[in-house]
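Residue numbering for the sequence shown follows this note's numbering, starting at 1 and increasing by one per position.
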Amino acid sequence: MKPFALRSALQVLLPAALLIASCSKKDEPAPVQAPDTAQVLAVHAAVNTSTRSIKVSVGDKEGPAVAYGTNSNYQTVGTGNLTLKTTIDATGGATLYSMPQTLSKDKSYSYFAYSAPAQSTGTVSGLFVEDNLTAPAAGTAKVRLVHVGQDLDSPFTLSKTPSSGGALVPVTAATAAGQASAFVEVPAGAGSYNLANSGNAAIQPAFGGAVLGTSFVAGGIYSVIIRGATTASAPTDNEKFTLQLLKHN
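Structure (structure tokens):
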């Protein structure tokens, strides 16, 4: 083929090739972006509603039924400013709590439904906290204190008896009713832990004291939950002042 003829053929073919390439790109579907998600677990510590299971929904995601004194697993939910709602676990169950919460991508949270002093049985209070699930240093665990008891001493600390004896040494910050301390690192294994009041005196719960003797696993992340009411106001043993252990991982 002569040079002129070859050049003319290329000039004809090139726009056609570009058009085909352009059409091919337009025909390719755009990649589907995975939605941003967070995780939320729910704890039922509402002593006034101890005989009824609850359900917790975040946005349009409804969680499982949660009985008093137990918790759900982490549930995957959306992100952004979403309504967190607590209802009685029954068809048409009454709404006990409804509050907007801001959830961020790839974050984990815990929600504690609890009864504040003098709160009616038709409502619950809510404590919503971010869970720092970053692994602790080698040979340690992470522990925090959550106070969702009703009419109990406030604040409490998780404290430790020194090996040499003497006054209790706080491990967590003082934690008032309706609050959670930050996670702190503690040596893996069992320790001489106590629950201490504002006077730094060791306080024994009616039940659940064995939680303080937990052998914390290296790498484990735990919440020690104070729940229940005073012996005088608790209708049954199930509602009395107790400690509950929650392992987050």
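The beta carbon of each residue, even a glycine, is placed where N, CA and C say it ideally should be.
Asked, Found
"For Ala90 versus Gly63, is the C-beta spacing smaller than 7 Å?", "no"
"Going by CA-CA distance only, name the one from Val47, Val186, Thr175 and Gly166 that's closest to Pro117.", "Val47"
"Which residues mark the beginning and the end of the beta strand (DSSP E) in which Ser120 is found?", "Unbroken run through Ser120: none, as it is neither H nor E."
"Going along the chain, which unbroken runs of the beta strand (DSSP E) with 3 or more residues stay wholly within the segment 207–246?", "221–227"
"Nearer than 6 Å: is that true of the beta carbon of Ile54 relative to any heavy atom of the ligand SAM?", "Although the ligand SAM was asked about, the structure shown includes no ligands whatsoever."
"Identify whether Thr49 lies in helix, strand or coil by the three-state DSSP scheme.", "helix"
"Drop a sphere of 10 angstroms on the beta-carbon of Ala180, count the other beta-carbons inside from all chains shown, and report buried for 16 or more, exposed for fewer.", "buried"
"When the Cβ atoms of the segment 142–154 are set against those of the segment 219–226, are three or more pairs found closer than 8 Å?", "yes"
"Just curious, the beta strand (DSSP E) that Val187 is in, first and last residue?", "Before going further, note that residue 187 is Pro rather than Val in the sequence given. From DSSP, the beta strand (DSSP E) with Pro187 extends over Val184 to Pro187."
"Residue range of the beta strand (DSSP E) that Ser98 falls in?", "Thr95 to Leu103"
"For Gln75, which residues of its own chain have a beta-carbon under 6 Å away from its beta-carbon, when the five flanking residues on both sides are left out?", "Val40 and Gly63"
"Pick from Ser159, Ser164 and Arg227: whose alpha carbon is nearest that of Ala202?", "Ser159"
"Give the straight-line distance between the Cα atoms of Gly209 and Val32, rounded to the nearest whole angstrom.", "51 Å"
"Ala190 and Thr214 look like a contact to me (Cβ under 8 Å); what is the Cβ gap, rounded to whole Å?", "7 Å"
"Taking a contact to mean a Cβ-Cβ separation below 7 Å, would you say Ala67 touches Phe112 in this structure?", "no"
"Please state the DSSP three-state secondary structure of Tyr109.", "strand"
"Which whole-angstrom value is the C-beta distance of Thr175 and Thr161, which I expect to be below 8 Å?", "That belief does not hold up - the Cβ atoms of Thr175 and Thr161 are roughly 19 Å apart, past 8 Å."
"Identify whether Tyr114 lies in helix, strand or coil by the three-state DSSP scheme.", "strand"
"Hey, how far is the Cα of Asn249 from the Cα of Leu133?", "8 Å"
"Assuming Leu127 contacts Gly69 (C-beta within less than 8 Å), just tell me the rounded distance between them.", "Contact doesn't hold; Cβ gap of about 16 Å is too wide."
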